[in-house]
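Asks:
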Amino acid sequence: MAAQAHNHQHCIRNALASAERVCAERGARLTPLRKRVLELIWESHEAIKAYDLLDRLGDEGGSAKPPTVYRALEFLLAQGLIHRIESENAYVGCRHPERTHEFQLLICDDCRHVEEISVAGVTRALGEQALKQGFRVSSQTVEVHGQCPDCRSASGS
Ligand SMILES: [Zn+2]
Ligand SMILES: [Zn+2]
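Using the working numbering, read the sequence shown as starting at 11 and increasing by one per residue.
1) Please tell me whether, using a cut-off of 8 Å, the distance from the CB of H155 to the nearest non-hydrogen atom of ligand 2 is below it.
2) Should R36 go down as buried or exposed, given a rule of 16 or more other Cβ atoms within 10 Å for buried?
3) When you compare each of I92, D65 and G71 to K45 by their alpha carbons, which one comes out closest?
4) Anyone know if the C-beta pair for E56 and H106 falls short of 9 Å?
5) May I ask you to check if the CB of R105 is nearer than 8 Å to at least one heavy atom of ligand 1?
6) Quick check: the Cα distance between P77 and L83, rounded to an integer number of angstroms?
7) Classify Y61 as buried or exposed, calling it buried when 16 or more other Cβ atoms lie within 10 Å of its own Cβ.
8) If you draw a straight line from the C-alpha of R162 to the C-alpha of I117, how long is it?
9) Which whole-angstrom value is the C-beta distance of L136 and Q114, which I expect to be below 8 Å?
10) Is E126 near ligand 1, with its Cβ less than 8 Å from a heavy atom?
11) Take the Cβ of G156 as the centre, count every other Cβ of all protein chains shown within 10 Å, and call the residue buried at 16 or more, exposed below.
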């Protein structure tokens, strides 16, 4: 999806509303700080690093200490509200927090836009091949780097 060609306020509203809903259903506490961290992550579809979140919270005059912010990130990850991009050591909001799901991430190396896709069978295929080699998978994240449609048209590639 093109980064500019959608109503992003809509994305943010949706994300916060689903977060409230899934946390209420699970009896998980979406504290004001956790919610604010989620909101900051959702400010764009770009990957954001923990220290950028800390900077933003600091600018707002908050007194959030790094451990508090890391705990908020752990909570959001555990609730499936965000995904961690291992290759970037950064975070992005998840569009489907209400269910556990297979996902792969398309990461633009130019603008850092991250698109979550769900290609059926990838997780199973990797798991099966690993098992054939006697390897038991405990976790896997498929991160695909490249250039997004916006950056491709901008660079004419
Ligand atoms: Zn997701
Ligand atoms: Zn891009």
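Glycine included, each C-beta is placed from N, C-alpha and C at the ideal position.
Replies: In terms of the structure at hand:
1) no
2) exposed
3) I92
4) Contact: no.
5) yes
6) If I take the Cα positions, the gap works out to 10 Å.
7) exposed
8) 13 Å
9) Contact doesn't hold; Cβ gap of about 11 Å is too wide.
10) Yes, since a heavy atom of ligand 1 falls inside the 8 Å radius drawn around the Cβ of E126.
11) It is exposed - the Cβ of G156 has fewer than 16 other Cβ atoms within 10 Å.
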